[in-house]
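Novice: Numbering follows my numbering, with no gaps: position 163 of the sequence shown is 162. Glycine included, every Cβ here is placed at the ideal spot set by N, Cα and C. A quick note: this is a predicted structure, and the numbers were derived from the prediction, not measured.
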Amino acid sequence: MKINVCVADESHTRFAETICREIYISSLERKTGIAKRTPEYICGKIRAGKAVIAVTDDGDFAGFSYIESWGGKSFVANSGLIVAHAYRGMGVAKMIKEQTFLLSRRLFPEAKIFSITTGAAVMKMNYEFGFRPVPFTELTDDPEFWKGCEGCRHFEILKNHDYKMCICTGLLYDPKEHLTIHHPDETTDSSDNHGQ
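1. Does DSSP put ARG36 in a helix, in a strand, or in coil?
2. Could you tell me the alpha carbon to alpha carbon distance between ARG87 and LYS93, rounded to whole angstroms?
3. Of the choices ALA76, LEU27, PRO174, whose alpha-carbon is the least far from that of GLY147?
4. Would you call the CB atoms of PHE128 and GLY169 closer than 8 Å?
5. Note down the Cα distance separating CYS196 from ALA15, rounded to an integer number of angstroms.
6. Alpha carbon to alpha carbon, how far is MET122 from PRO108? Give it in angstroms, no decimals.
7. Please state the DSSP three-state secondary structure of GLU109.
8. Count the other CB atoms, across all protein chains shown, that sit within 10 Å of the CB of LEU27; report buried if there are 16 or more and exposed otherwise.
9. So what's THR136 in DSSP terms, helix, strand or just coil?
10. In three-state DSSP terms, what is THR17?
11. Rounded C-beta distance between ILE81 and GLU21? I'm assuming under 8 Å.
12. Out of ILE24, ASP141, ILE2, PRO38, state which residue places its alpha-carbon closest to the alpha-carbon of THR12.
13. For ILE237, tell me which candidate among SER73, SER68, ILE115, ALA83 has the shortest Cα-Cα distance.
14. Thinking C-alpha only, which one of PRO174, TYR126, PHE60 is nearest ALA85?
15. Helix or strand or just coil, what does DSSP make of ARG131?
16. Please report the distance separating the alpha-carbon of GLU137 from that of CYS5.
17. What is the C-beta distance between LEU157 and CYS165, in whole angstroms, given that I count them as a contact (C-beta under 8 Å)?
18. Sorted by chain position, which residues of the same chain lie with C-beta nearer than 8 Å to GLU9's C-beta, five sequence neighbours on each side aside?
19. Would LYS96 and SER68 qualify as a contact pair, given that the criterion is a beta-carbon distance under 8 Å?
20. First and last residue of the beta strand (DSSP E) that includes ILE81?
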């Protein structure tokens, strides 16, 4: 079975309720906190071109993730990564994560990309893309971002620690920390480097 992963468009808004339900069920199963999302919120991300979705050739929902910019677009959060139960263990999460990361880099090339998670699998994927664990003080201080945590069962822990620590791990990708590697074919004519 083929699973197509792409930037979501208007035709995918029909999955909004399914996405919210999958996110909620997953949080109950893991017994971890997760910020609640509404179908309207998910539709907003899709319509803004800030979401990635996985759909099977048969038209079944397989997974989802979205991005949001914070702090005057200096930070971008990769959020809401979910894979439908029927499609777990097939590498779908990694495909979604890769496309979400590429979308973040394309829309916000100078921004630091961050994620907060309790999931070991998400942490592992983030490490592979060059993220590193950081204290919350290195993440956005935009109060609107942290408002999104109010629906989480662990919100009181976050609030009681002045939004500096919680159950989640903060992960950060700073584009300034990554060197651009130039392929030899992209360099100028080698004759320019001799006898000058």
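Specialist: With the structure as the only source:
1. One-based indexing of the sequence shown puts residue 36 at position 37. Residue state, collapsed to three classes: coil.
2. Position 88 of the sequence shown, counted from the start, is the residue given in the question as residue 87. Position 94 of the sequence shown, counted from the start, is the residue given in the question as residue 93. So the alpha carbons of these two residues sit roughly 11 Å apart.
3. By one-based count along the sequence shown, residue 147 stands at place 148. The shortest C-alpha separation from GLY147 is found at ALA76.
4. Within the sequence shown, the letter at position 129 stands for residue 128. Within the sequence shown, the letter at position 170 stands for residue 169. For PHE128 and GLY169, no; Cβs fall outside 8 Å.
5. With the chain represented from 0 up to 195, any question about residue 196 goes unanswered, as that position is not in the structure.
6. Along the sequence shown, one-based indexing puts residue 108 at 109. Along the sequence shown, one-based indexing puts residue 122 at 123. Whole-angstrom Cα-Cα distance: 22 Å.
7. Indexing the sequence shown from 1 puts residue 109 at position 110. It is coil, neither helix nor strand.
8. Reading the sequence shown from its first residue, position 28 is the one you call residue 27. It is exposed - the Cβ of LEU27 has fewer than 16 other Cβ atoms within 10 Å.
9. Indexing the sequence shown from 1 puts residue 136 at position 137. In this structure, THR136 counts as helix in the three-state DSSP scheme.
10. If you number the sequence shown from 1, residue 17 lands on position 18. DSSP places THR17 in helix when its eight states are reduced to three.
11. What you label residue 81 is simply residue 82 of the sequence shown in a count that begins at 1. What you label residue 21 is simply residue 22 of the sequence shown in a count that begins at 1. Sure, about 5 Å apart at Cβ, within 8 Å.
12. In the sequence shown, counting from the first residue as 1, residue 12 sits at position 13. Comparing Cα-Cα distances from THR12 to each of ILE24, ASP141, ILE2, PRO38, the minimum goes to PRO38.
13. Residue coverage of the chain in this structure runs from 0 to 195, which leaves residue 237 outside it and unanswerable.
14. For the purposes of this step, residue 85 is taken as residue 86 along the sequence shown, with counting starting at 1. Comparing Cα positions, the closest option is PHE60.
15. To locate residue 131, count along the sequence shown from 1; it is residue 132. Strand, per DSSP.
16. On the sequence shown, position 138 is the one that residue 137 refers to. On the sequence shown, position 6 is the one that residue 5 refers to. Near 30 Å, if we compare the C-alpha coordinates of CYS5 and GLU137.
17. Translated into positions along the sequence shown, residue 157 becomes position 158. Translated into positions along the sequence shown, residue 165 becomes position 166. Contact holds; Cβ gap of about 4 Å.
18. Along the sequence shown, read from residue 1 onward, the residue named residue 9 stands at position 10. The answer, listed in chain order, is ILE45, ARG46.
19. Position 97 of the sequence shown, counted from the first residue, corresponds to residue 96. Position 69 of the sequence shown, counted from the first residue, corresponds to residue 68. Not closer than 8 Å, so no.
20. As a first step, residue 81 must be located in the sequence shown, where it is residue number 82. First-last of the beta strand (DSSP E) with ILE81: 74–82.
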